[in-house]
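K.L.:
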Amino acid sequence: MDLLRLATAGSVDDGKSTLIGRLLYDAKAVLADQLAHVEERSVDGLDLALLTDGLRAEREQGITIDVAYRSFATPRRRFILADCPGHAQYTRNMVTGASTADLALLLVDARAGLTEQSRRHAAIAALLDVEHVIVAINKMDLVDYAESRFDEIVRDVIELGAAIGLRETDFIPISALKGDNVVERSPNMPWYEGQPLLERLETVPVEPRAVHAARLPVQLVLRGENGARWAAGRLAAGALKAGDEVVVLPSGTRTRVAEVRDADGVAAVVEAPLSVSVRLEDEVDLARGELIAAVEDAPTPTRELNATLCWLGDRPARPGDRFQLKHGTRSVPAKLDSVEGRIDFETLEWPVAEELRLNDIAHVKLRLGGEIAADVYARCHATGAFILVDESSLDTVAAGMVS
Numbered sequence: 001m002d003l004l005r006l007a008t009a010g011s012v013d014d015g016k017s018t019l020i021g022r023l024l025y026d027a028k029a030v031l032a033d034q035l036a037h038v039e040e041r042s043v044d045g046l047d048l049a050l051l052t053d054g055l056r057a058e059r060e061q062g063i064t065i066d067v068a069y070r071s072f073a074t075p076r077r078r079f080i081l082a083d084c085p086g087h088a089q090y091t092r093n094m095v096t097g098a099s100t101a102d103l104a105l106l107l108v109d110a111r112a113g114l115t116e117q118s119r120r121h122a123a124i125a126a127l128l129d130v131e132h133v134i135v136a137i138n139k140m141d142l143v144d145y146a147e148s149r150f151d152e153i154v155r156d157v158i159e160l161g162a163a164i165g166l167r168e169t170d171f172i173p174i175s176a177l178k179g180d181n182v183v184e185r186s187p188n189m190p191w192y193e194g195q196p197l198l199e200r201l202e203t204v205p206v207e208p209r210a211v212h213a214a215r216l217p218v219q220l221v222l223r224g225e226n227g228a229r230w231a232a233g234r235l236a237a238g239a240l241k242a243g244d245e246v247v248v249l250p251s252g253t254r255t256r257v258a259e260v261r262d263a264d265g266v267a268a269v270v271e272a273p274l275s276v277s278v279r280l281e282d283e284v285d286l287a288r289g290e291l292i293a294a295v296e297d298a299p300t301p302t303r304e305l306n307a308t309l310c311w312l313g314d315r316p317a318r319p320g321d322r323f324q325l326k327h328g329t330r331s332v333p334a335k336l337d338s339v340e341g342r343i344d345f346e347t348l349e350w351p352v353a354e355e356l357r358l359n360d361i362a363h364v365k366l367r368l369g370g371e372i373a374a375d376v377y378a379r380c381h382a383t384g385a386f387i388l389v390d391e392s393s394l395d396t397v398a399a400g401m402v403s
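The UniProt record's numbering applies: residue 1 is where the sequence shown begins, and numbers increase by one.
Take a look at the structure:
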């Protein structure tokens, strides 16, 4: 069976944890002792949200704080599911949960419609280039299963998606509490002719990411037999084999791969995302933080970046602020040169801004104290992403995508 990684998101009280609990429960993916524990804690009927709200603070406040990961399987597919928090304070955790997702499941309360936080989560899914998006319009039982309300929210999401660049989007009307259109088709909404949620999750195509030429961030340089030098790391994209012509960046030194090894020893070819050790034909000066890339489409080293940032820090950032930029295994000083535009989730415009505050998403220019070899994020996620680290606290304060 193939594997689908999905992340759920939405505003507070849109019903994410209840929906995930319903999926786990109806898919018979809940252990007997876990179910007994939830039954013991439930006050009015079976509280399915308790299956995912694992932290004590979450149970007491009735909200999701951390990203809760759950694995389950049906006869047709395996799933790794990330329940991302809905509260604005924890938007940074949505970035974490969605960064590796094949599909984003965005919940919208049928009564409230699109909120600012719903728009923010949709924008994050678009910025992270999540391949598939399902908008589950929840709590349809509280609007009398009205098709007109469903259609109204669909129009709003389509307008939003056109502005922010959402990928392929499906719409499903559900009631997580009642189970309508979650696992089985609901008789309460005969006007909906599409698949129930679980069936759609089982059948949505999971295409492998576009194959790029090799990208190997050097993590460690080893000495082997006869003093040979080996570059070791996790292959971020593409494949490597003996005879491949490569370039070491940012130095620009060209050479060929002499030998490739994986965990089992000498290998004919190694593909991403496996760890690999590579011996080059020439004696090349290698160090941690350099990038071994295929010659035919190697990125150009640069000291300036245009990027989209999701600001995760509690302290605002202003032009002139300095950070450490971590890209793969390389770390260089960076200065925020300018904030070109910060998205307004109500108007969907990108006005110029003087600072970045917690959960802001903005287009920025960065000046670097050393060269990095980065791809555009849309072309290669692994080498198009970076983080900014506060130099004094060492906190991660921003996640960035090269544009």
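Beta carbons: idealized from backbone N, C-alpha and C, even for Gly.
Just so we're clear, the structure is a prediction, and the values are computed from it rather than from any experiment.
Whose CA, out of R200, A298, L249, lies closest to the CA of V218?
P.N.:
L249
K.L.:
Expressed to the nearest angstrom, what Euclidean distance is found between the alpha-carbon atoms of E371 and S99?
P.N.:
25 Å
K.L.:
What residues match up with G265 in a beta bridge as DSSP calls it?
P.N.:
Paired residue(s): D262.
K.L.:
Between A399, I164, L81, which lies nearest to T347 when the distance is taken from Cα to Cα?
P.N.:
I164
K.L.:
Which same chain residues end up closer than 7 Å to W350 when comparing Cβ atoms and leaving out the 5 residues on each side of it in sequence?
P.N.:
G341, R342, I343, H363
K.L.:
Just list the beta strand (DSSP E) runs in the stretch 203-233, keeping only unbroken ones of 3 residues or longer that don't cross its boundaries, in chain order.
P.N.:
215-217, 220-223
K.L.:
Who are the near neighbours of T255 in its chain, counting only those whose CB is closer than 6 Å to its CB and skipping five residues on each side?
P.N.:
L280, E281, D282, V284
K.L.:
Suppose the cutoff is 6 Å on Cβ atoms and the five residues either side in sequence are ignored; what does the same chain contact list for V157 look like?
P.N.:
V135
K.L.:
Please check the pair A398 and L312, which I expect to be a contact at CB under 8 Å, by giving their CB distance rounded to whole angstroms.
P.N.:
6 Å
K.L.:
Extract the residue ranges of the beta strand (DSSP E) inside the stretch 284-333, only unbroken runs of 3 or more that lie entirely within it.
P.N.:
291-294, 302-311, 322-327
K.L.:
Out of D244, P187, G265, which one is the CA nearest neighbour of G224?
P.N.:
G265
K.L.:
Could you tell me whether the Cβ atoms of S17 and D83 are closer together than 8 Å?
P.N.:
yes
K.L.:
Pick out whichever of A213, V339, R167 has its Cα sitting closest to the Cα of D367.
P.N.:
Looking at the sequence itself, residue 367 is Arg, so the reference to Asp does not match. Minimum Cα-Cα distance from R367 among the listed residues A213, V339, R167 corresponds to V339.
K.L.:
Got a sec, what are the start and stop residues for the alpha helix (DSSP H) I20 sits in?
P.N.:
Per DSSP, the unbroken alpha helix (DSSP H) holding I20 starts and ends at 16-26.
K.L.:
Give the DSSP-derived three-state secondary structure of V108 in the structure shown.
P.N.:
strand
K.L.:
Go through its chain and collect everything with a Cβ distance to L286's Cβ below 7 Å, but skip five positions before and after it.
P.N.:
V218, V221, R229, A231, V248
K.L.:
Under 6 Å Cβ to Cβ from E355, same chain only, skipping five residues before and after it: list those, please.
P.N.:
P316, R318
K.L.:
Start and end of the beta strand (DSSP E) containing I137?
P.N.:
132-138
K.L.:
Could you tell me how far apart the beta carbons of A272 and G238 are, in whole angstroms, since I believe they sit closer than 8 Å?
P.N.:
Beta-carbon to beta-carbon, A272 and G238 are separated by about 6 Å, close enough to satisfy the 8 Å threshold.
K.L.:
Leaving aside the five residues before and after V95 along the sequence, list all residues of the same chain whose C-beta is less than 8 Å from its C-beta, in chain order.
P.N.:
Residues of the same chain with a CB within less than 8 Å of the CB of V95, apart from the 5 flanking positions on each side, are I124, L128, C310, L312, A399 in chain order.
K.L.:
Among the residues of its own chain, which have a CB less than 8 Å from the CB of L235, if the five just before and after it don't count?
P.N.:
The residues are A214, R215, L216, V270, E271, A272, P273, L274, S275, V276.
K.L.:
Quick one: using the 10 Å Cβ neighbour count with 16 as the cut-off for buried, is M1 buried or exposed?
P.N.:
exposed
K.L.:
If you drop the 5 nearest sequence neighbours on each side, which residues of the same chain put their C-beta closer than 6 Å to that of S186?
P.N.:
D180
K.L.:
Let's test the definition: count the other Cβ atoms within 10 Å of the Cβ of L6 and tell me whether it reaches 16, buried, or not, exposed.
P.N.:
buried
K.L.:
Quick check: what's the CA-CA separation for L106 versus R357?
P.N.:
24 Å
K.L.:
On a Cα-Cα basis, can you pick out the residue from P333, E391, L291 that is closest to P301?
P.N.:
Residue L291 is the option with its Cα nearest to P301.
K.L.:
Three-state secondary structure (DSSP) at R342?
P.N.:
strand
K.L.:
In chain order, what are the residue ranges of uninterrupted beta strand (DSSP E) at least 3 long that sit wholly in the stretch 335-386?
P.N.:
Taking only runs of at least 3 residues, the beta strand (DSSP E) segments lying wholly in the stretch 335-386 are 361-372.
K.L.:
When you compare only the Cα positions, how much space is there between I137 and G21?
P.N.:
17 Å
K.L.:
What's the C-alpha gap between I153 and L103?
P.N.:
Annotation: I153 to L103 spans about 20 Å, alpha carbon to alpha carbon.
K.L.:
Quick check: the Cα distance between R379 and M401, rounded to an integer number of angstroms?
P.N.:
Cα to Cα, R379 sits roughly 11 Å from M401.
K.L.:
Can you tell me whether DSSP reads L201 as helix, strand or coil?
P.N.:
Per DSSP, reduced to three states, the secondary structure at L201 is helical.
K.L.:
Here's a check: name, in chain order, each residue in its chain whose Cβ is nearer than 7 Å to the Cβ of E391, leaving out the five neighbours to either side.
P.N.:
R322, F323, Q324
K.L.:
With a CB to CB cut of under 6 Å and the five nearest residues on each side skipped, what residues in its chain are close to M140?
P.N.:
A110, P173, S175
K.L.:
Could you tell me which of V133, Q117, F79, Y69 sits nearest to E168, measuring between CA atoms?
P.N.:
V133
K.L.:
Excluding five sequence neighbours on each side, which residues of the same chain lie with their C-beta closer than 6 Å to the C-beta of R76?
P.N.:
E202
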